[in-house]
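Residue numbering for the sequence shown is 1 to 416, as defined by UniProt numbering. Quick reminder that beta carbons are idealized off the backbone N, C-alpha and C, glycines included.
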Amino acid sequence: MTTTTVADLGRRARTAAADLAVRTRAEKDAALHAMADALVANAAAIIERNAADVERARENGTADAMIDRLRLDESRIAGMASGLRQVAGLPDPVGEVVRGYTLPNGLQVTQRRVPMGVVGIIYEARPNVTADAAGLALKSGNAVLLKGSSSAAASNEAIVGVLAAAAEKAGLPGDAVQLVPGGHDQAKELMRARGLVDVLIPRGGAGLIRSVVEESTVPVIETGVGNCHVYVDADADVAMAIEILLNAKTQRPSVCNAAETLLVHADVAAAFLPAALAALRDAGVTVHGDERVRGYDDAVVPATDDDWAAEYLSLDLAAAVVDTLDDAVAHIRQWGSGHTEAIVTGSLAASRRFAATTDSAAVMVNASTRFTDGEQLGFGAEIGISTQKLHARGPMGLPELTTTTYVVTGDGHVRG
Numbered sequence: 001m002t003t004t005t006v007a008d009l010g011r012r013a014r015t016a017a018a019d020l021a022v023r024t025r026a027e028k029d030a031a032l033h034a035m036a037d038a039l040v041a042n043a044a045a046i047i048e049r050n051a052a053d054v055e056r057a058r059e060n061g062t063a064d065a066m067i068d069r070l071r072l073d074e075s076r077i078a079g080m081a082s083g084l085r086q087v088a089g090l091p092d093p094v095g096e097v098v099r100g101y102t103l104p105n106g107l108q109v110t111q112r113r114v115p116m117g118v119v120g121i122i123y124e125a126r127p128n129v130t131a132d133a134a135g136l137a138l139k140s141g142n143a144v145l146l147k148g149s150s151s152a153a154a155s156n157e158a159i160v161g162v163l164a165a166a167a168e169k170a171g172l173p174g175d176a177v178q179l180v181p182g183g184h185d186q187a188k189e190l191m192r193a194r195g196l197v198d199v200l201i202p203r204g205g206a207g208l209i210r211s212v213v214e215e216s217t218v219p220v221i222e223t224g225v226g227n228c229h230v231y232v233d234a235d236a237d238v239a240m241a242i243e244i245l246l247n248a249k250t251q252r253p254s255v256c257n258a259a260e261t262l263l264v265h266a267d268v269a270a271a272f273l274p275a276a277l278a279a280l281r282d283a284g285v286t287v288h289g290d291e292r293v294r295g296y297d298d299a300v301v302p303a304t305d306d307d308w309a310a311e312y313l314s315l316d317l318a319a320a321v322v323d324t325l326d327d328a329v330a331h332i333r334q335w336g337s338g339h340t341e342a343i344v345t346g347s348l349a350a351s352r353r354f355a356a357t358t359d360s361a362a363v364m365v366n367a368s369t370r371f372t373d374g375e376q377l378g379f380g381a382e383i384g385i386s387t388q389k390l391h392a393r394g395p396m397g398l399p400e401l402t403t404t405t406y407v408v409t410g411d412g413h414v415r416g
């Protein structure tokens with residue numbers, strides 16, 4: 001693949017984006033339903049291609065957590081299709097008036113949402129991102145260029161082929177959804193396709209995200225790794241805290257909103273930790289604890305600075321006892337990634353202070369970190385979870401894939 005070919009994909013995407021920008025919600029929703037139906041109808045063929053990726057990953061010694069992210073089955077494909085249908089059911093952000101007013105001179109001003117144009121996604125392993133990104137981009141009037149990892153090349157090629165054909169059959173431009181094949185060189189070309197690509201979103205590990213942020217000349221919405229914390233406050237209900245912790249850590253440990261660190265207030269440690277550590281052990285979790293945590297269970301292994309900073313994506317959990325809520329927040333600010341933090345507490349004052357001071361994209365009060373998810377929060381499928389503070393923060397749904405235009409209407413007005 002050559003630079004010219006990557007540029008050609010971008011030019012075709014820009015043509016498609018201009019077409020999509022004026023399509024009605026009904027047209028876009030019909031295409032999304034057609035794309036969902038096509039995924040289900042072609043599930044066997046997609047799974048066959050995915051099996052080749054999974055087998056190659058095993059042969060290469062890929063970690064189990066990454067293989068879990070890569071693997072597709074009928075249930076996951078049905079979930080991808082369901083995500084597209086959910087997006088079809090959401091309000092169309094394009095044309096929404098963010099604000100509107102009339103100036104003293106009679107000029108009417110409206111600020112309206114419009115598509116970004118061409119959105120590039122660079123992502124690792126998870127082929128379900130292919131369908132999520134395509135659906136969100138199309139609904140928000142954008143064309144999308146998808147650069148998945150080589151580990152999911154066969155899966156992504158199959159999925160994009162199905163989605164593009166279904167969109168075209170439904171009357172939308174097939175070039176609205178395109179796959180950028182190739183390896184790192186092509187990813188770099190996509191990062192530098194300024195003028196053809198309007199925004200770039202990386203999804204994956206810290207190394208990928210850092211590379212895109214540092215090397216891209218295209219504006220980047222930075223998604224972040226998920227070193228998420230569960231803090232059990234002095235006023236926590238112990239049974240509730242254990243249930244939340246187990247869900248946050250074990251329900252699906254290979255994803256970015258899984259808990260990676262447990263912080264326990266010293267006043268509740270004796271009541272909470274023996275039962276919690278036993279429950280974690282029964283669930284197959286290896287706890288990496290500080291000296292105070294290790295005092296409650298000989299099976300806890302010593303924690304290091306690497307553990308406090310880790311996004312394990314596995315059945316491992318760092319754990320520490322803290323003396324105050326502010327100590328918990330200080331730990332999170334030092335080691336966290338700004339993704340999601342949870343507090344379990346019966347104190348309204350404590351929950352408010354925790355939410356105000358943790359400085360993360362999402363804060364859960366008496367709820368699992370696993371709820372930081374576009375679908376769970378009512379957005380439908382998400383394009384990613386932003387840990388930056390500009391334009392978009394937290395799960396990015398349809399509005400986050402738009403920008404705005406000011407439309408100023410006069411009646412022959414000229415400026416004096």
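As assigned by DSSP and simplified to three states, the class of residue i
{"i": "residue 404", "result": "strand"}
{"i": "residue 3", "result": "For residue 3, the predicted model reports a pLDDT of 47, less than 50, meaning its position is unreliable; a value from the coordinates is still stated below. It is helical."}
{"i": "residue 115", "result": "strand"}
{"i": "residue 122", "result": "strand"}
{"i": "residue 394", "result": "strand"}
{"i": "residue 153", "result": "helix"}
{"i": "residue 210", "result": "helix"}
{"i": "residue 217", "result": "coil"}
{"i": "residue 225", "result": "coil"}
{"i": "residue 143", "result": "strand"}
{"i": "residue 109", "result": "strand"}
{"i": "residue 353", "result": "helix"}
{"i": "residue 338", "result": "coil"}
{"i": "residue 12", "result": "helix"}
{"i": "residue 160", "result": "helix"}
{"i": "residue 283", "result": "coil"}
{"i": "residue 416", "result": "coil"}
{"i": "residue 131", "result": "helix"}
{"i": "residue 18", "result": "helix"}
{"i": "residue 399", "result": "helix"}
{"i": "residue 274", "result": "helix"}
{"i": "residue 268", "result": "helix"}
Per DSSP, the bridge partner or partners of residue i
{"i": "residue 344", "result": "232"}
{"i": "residue 288", "result": "301 and 318"}
{"i": "residue 409", "result": "108"}
Terminal residues of the beta strand (DSSP E) in which residue i lies
{"i": "residue 203", "result": "199-203"}
C-beta contact flag for residue i and residue j at 8 Å
{"i": "residue 386", "j": "residue 356", "result": "no"}
{"i": "residue 259", "j": "residue 369", "result": "yes"}
{"i": "residue 224", "j": "residue 337", "result": "yes"}
{"i": "residue 29", "j": "residue 382", "result": "no"}
{"i": "residue 136", "j": "residue 27", "result": "no"}
{"i": "residue 241", "j": "residue 322", "result": "no"}
{"i": "residue 91", "j": "residue 17", "result": "no"}
{"i": "residue 264", "j": "residue 272", "result": "yes"}
{"i": "residue 119", "j": "residue 198", "result": "yes"}
{"i": "residue 244", "j": "residue 349", "result": "no"}
{"i": "residue 275", "j": "residue 329", "result": "no"}
{"i": "residue 203", "j": "residue 300", "result": "no"}
{"i": "residue 222", "j": "residue 209", "result": "yes"}
Where the alpha helix (DSSP H) through residue i begins and ends
{"i": "residue 250", "result": "238-250"}
{"i": "residue 264", "result": "Residue 264 -> not in any alpha helix (DSSP H); beta strand (DSSP E) instead, spanning 259-265."}
Within the segment 24-107, ranges of the alpha helix (DSSP H) (whole runs, at least 4 residues): 25-41, 43-59, 64-70 and 74-88
What ranges does the beta strand (DSSP E) occupy inside the segment 359-391, keeping only unbroken runs of at least 3 residues that lie completely in it? 362-365
Those runs of the alpha helix (DSSP H) which lie wholly inside the segment 293-332 and span at least 4 residues: 305-308
Which runs of the beta strand (DSSP E) spanning at least 3 residues fall entirely within the segment 165-204, listed in chain order? 177-179 and 199-203
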